[in-house]
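Colleague: So for the sequence shown, the working numbering puts the first residue at 6; every next one is plus one.
Positions of the beta carbon are idealized from the N, C-alpha and C atoms, including for glycine.
Pasting a structure here, questions to come.
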Amino acid sequence: MFLSSRMITSVSPSTSTNSSFLLTGFSGMEQQYPWFSIPFSSIYAMVLLGNCMVLHVIWTEPSLHQPMFYFLSMLALTDLCVGLSTVYTVLGILWGIIREISLDSCIAQSYFIHGLSFMESSILLAMAFDRYIAICNPLRYSSILTNSRIIKIGLTIIGRSFFFITPPIIRLKFFNYCHFHILSHSFCLHQDLLRLACSDIRFNNYYALMLVICILLLDAILILFSYILILKSVLAVASQEERHKLFQTCVSHVCAVLVFYIPIISLTMVHRFGKHLSPVAHVLIGNIYILFPPLMNPIIYSVKTQQIHTRMLRLFSLKRY
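This is the structure we're talking about:
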């Protein structure tokens, strides 16, 4: 990557807490950015359009005003916010609009990216709980997942996702950044800023590890446990047709879980063990982590969930005529 003297100066080692940081695109491929911008712009358009359509269908169709679809609308809203929180920097680099980001903007973007990731994990756990109740205790489904309880679950998810990450994110503001201010991705991550800091970062490291264990890992274990119970309940059903029908109600959620956890695990592994990989690989995996779940979730639920699929077809047919 070739930097102008002005850019080198702006990202050079400094102890100032008001410095700018250089965002990393696809190093060495700057001439291809106009071409790269086409698929990335299309993906962001699909993310925004797909999730808005899911929200529109659930909002306007009274028959979808059920717990399962309330949680799905939370997931779609979260994915929409993920797209909005990163579109400026990712496309800004490819369009040649921006190359640098201020510390305050970087911290804010990091806060929303990590908070929304925790929020998506929490929503997937709530959806697993919803499927567990629907299959293993169907007679009490409506009495357990009442509207008031769903509101409480939603507020708990928001508080759990954003409250606990506030302390380490706020501390980023007061660190000294004395290494070259070059980020590894086209957006800001907490671990990326820590890598550039020369202050005592032990609290942030340990706290971030605790959050990953207590939120992401715990959610994944509870989701797995819920599906073990669901599987036992489904296998106890005598009818093969009934088993197939029950499995079908879970397919879309299982796909959404895999679409979320595989990229986030891949990014973690790359940051931990992939230091020998090229910067392009880091940027590519980072963009997959950001864009793949918001892109795929509307597609998964539109194809695999019969109620959403039917309403989507009806929506397109109305638009056509």
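1) Exposed or buried, which one is Met274 when buried takes at least 16 other CB atoms within 10 Å?
2) In terms of alpha-carbon separation, which member of Phe185, Ile118 and Gly30 lies closest to His287?
3) Do Arg104 and Leu27 come within 8 Å of each other at the CB atom, strictly closer than that value?
4) If you count every other CB in all the chains shown that lies within 10 Å of the CB of Gly55, and 16 or more means buried, which is it?
5) When you compare the CB positions of Gly88 and Pro299, do they come within less than 8 Å of one another, or not?
6) Taking 8 Å as the threshold (C-beta atoms), are Asp224 and Leu130 in contact?
7) Distance, Cα to Cα, His249 vs Leu227?
8) For Asn302, count neighbouring Cβ atoms within 10 angstroms of its own Cβ and tell me buried if that reaches 16, exposed if not.
9) Using 10 angstroms around the beta-carbon of Ala50, count the other beta-carbons present and answer buried if the total reaches 16, otherwise exposed.
10) Using a Cβ distance threshold of 8 Å, determine whether the region 34-48 contacts the region 115-127, with at least three qualifying pairs required.
11) Are Val59 and Tyr306 touching if we call contact CB-CB under 8 Å?
12) Put Phe45 into one of helix, strand or coil per three-state DSSP.
13) Roughly how many angstroms separate the alpha carbons of Phe45 and Ser148, rounded to a whole number?
14) In the DSSP assignment, the beta strand (DSSP E) including Ile106 goes from what residue to what residue?
15) Can you confirm whether the region 202-210 touches the region 153-160 when touching is taken to mean that 3 or more C-beta pairs between the two stretches lie within less than 8 Å?
16) Here's the rule: buried if 16 or more other CB atoms are within 10 angstroms of the residue's CB, otherwise exposed. What is Cys255?
17) In whole angstroms, what separates the C-alpha of Gly33 from that of Ile174?
18) How should Arg277 be labelled, buried or exposed, when 16 other C-beta atoms within 10 angstroms of its C-beta is the threshold for buried?
19) Residue range of the alpha helix (DSSP H) that Phe169 falls in?
20) Ordered along the chain, which non-local residues of its own chain (more than five positions away) have a Cβ less than 8 Å from that of Leu240?
21) In angstroms, rounded to a whole number, what distance separates the CA positions of Phe7 and Ile187?
22) For Phe26, which beta-bridge partners are listed by DSSP?
23) So what's Ile175 in DSSP terms, helix, strand or just coil?
24) Go ahead and pull the three-state DSSP assignment for Ile206.
25) Look at the Cβ atom of Val62, then the Cβ atom of Leu318, and state whether they are nearer than 8 Å.
26) Cα-Cα, which of Tyr266, Pro268 and His258 is closest to Asp135?
27) Can you find the residues in the same chain that come closer than 7 Å, C-beta to C-beta, to Leu96, ignoring five residues on each side of it along the sequence?
28) Cutting at 7 Å between CB atoms, please list the residues of its own chain near Ile293, excluding the five before and the five after it.
29) If you draw a straight line from the C-alpha of His195 to the C-alpha of Ile220, how long is it?
Modeller: Well, looking at it:
1) On the sequence shown, position 269 is the one that residue 274 refers to. It counts as exposed.
2) What you label residue 287 is simply residue 282 of the sequence shown in a count that begins at 1. Taking only the C-alpha atoms, the option nearest His287 is Gly30.
3) For the purposes of this step, residue 27 is taken as residue 22 along the sequence shown, with counting starting at 1. For the purposes of this step, residue 104 is taken as residue 99 along the sequence shown, with counting starting at 1. Yes, the Cβ-Cβ distance between Leu27 and Arg104 is below 8 Å.
4) Here residue 55 refers to the residue found at position 50 when the sequence shown is read from its first residue. By the 10 Å Cβ count, Gly55 comes out buried.
5) The residue labelled residue 88 in the question sits at position 83 within the sequence shown. The residue labelled residue 299 in the question sits at position 294 within the sequence shown. Taking 8 Å as the Cβ cut-off, Gly88 and Pro299 qualify as a contacting pair.
6) Along the sequence shown, one-based indexing puts residue 130 at 125. Along the sequence shown, one-based indexing puts residue 224 at 219. Taking 8 Å as the Cβ cut-off, Leu130 and Asp224 qualify as a contacting pair.
7) Counting from 1 along the sequence shown, the entry for residue 249 is found at position 244. Counting from 1 along the sequence shown, the entry for residue 227 is found at position 222. If I take the Cα positions, the gap works out to 23 Å.
8) The count along the sequence shown starts at 1 and reaches residue 302 at position 297. Looking at its Cβ environment, which holds 16 or more other Cβ atoms inside 10 Å, Asn302 is buried.
9) Against the sequence shown, residue 50 aligns to sequence position 45. Exposed, because fewer than 16 other Cβ atoms sit within 10 Å of the Cβ of Ala50.
10) no
11) By one-based count along the sequence shown, residue 59 stands at place 54. By one-based count along the sequence shown, residue 306 stands at place 301. Against a cut-off of 8 Å, the Cβ pair of Tyr306 and Val59 comes out as a contact.
12) Locating residue 45 in the sequence shown gives position 40, counting from the first residue. Helix at Phe45.
13) Within the sequence shown, numbered from 1, the residue matching residue 45 stands at position 40. Within the sequence shown, numbered from 1, the residue matching residue 148 stands at position 143. Looking at the two C-alpha atoms, the distance is approximately 44 Å.
14) Taking the first residue of the sequence shown as position 1, residue 106 is located at position 101. That run of the beta strand (DSSP E) goes Glu105 to Ser107.
15) no
16) The residue you call residue 255 lines up with position 250 of the sequence shown. Its Cβ being crowded by 16 or more others within 10 Å, Cys255 is buried.
17) In the sequence shown, residue 33 corresponds to position 28, counting from 1. In the sequence shown, residue 174 corresponds to position 169, counting from 1. Cα to Cα, Gly33 sits roughly 31 Å from Ile174.
18) In the sequence shown, counting from the first residue as 1, residue 277 sits at position 272. Exposed: under 16 other Cβ atoms inside 10 Å.
19) Position 164 of the sequence shown holds residue 169. Taken as a continuous stretch (DSSP letters only), Phe169 belongs to no alpha helix (DSSP H), as it is neither H nor E.
20) What you label residue 240 is simply residue 235 of the sequence shown in a count that begins at 1. Same-chain partners within the cutoff: Arg248.
21) Taking the first residue of the sequence shown as 1, we reach residue 7 at position 2. Taking the first residue of the sequence shown as 1, we reach residue 187 at position 182. The predicted model places Phe7 with a pLDDT of 37, which falls under 50 and marks its position as unreliable; any figure quoted below should be read in that light. Answer to the nearest angstrom: the Cα atoms are 13 Å apart.
22) On the sequence shown, position 21 is the one that residue 26 refers to. Per DSSP, Ile106.
23) Within the sequence shown, numbered from 1, the residue matching residue 175 stands at position 170. It is helical.
24) Walking along the sequence shown from the start, residue 206 turns up at place 201. Of the three classes helix, strand and coil, the one that applies to Ile206 here is coil, per DSSP.
25) Residue numbering aside, residue 62 sits at position 57 when the sequence shown is read from its first letter. Residue numbering aside, residue 318 sits at position 313 when the sequence shown is read from its first letter. No. Outside cutoff.
26) Position 130 of the sequence shown holds residue 135. Measuring from the Cα of Asp135, the nearest candidate turns out to be His258.
27) Within the sequence shown, residue 96 is the residue found at index 91, counting from 1. For Leu96, where only same-chain residues beyond five positions count, the Cβ hits under 7 Å are Ser42, Phe45, Ser46 and Tyr49.
28) In the sequence shown, counting from the first residue as 1, residue 293 sits at position 288. Taken in chain order, the residues that qualify are Pro268.
29) Within the sequence shown, residue 195 is the residue found at index 190, counting from 1. Within the sequence shown, residue 220 is the residue found at index 215, counting from 1. So the alpha carbons of these two residues sit roughly 16 Å apart.
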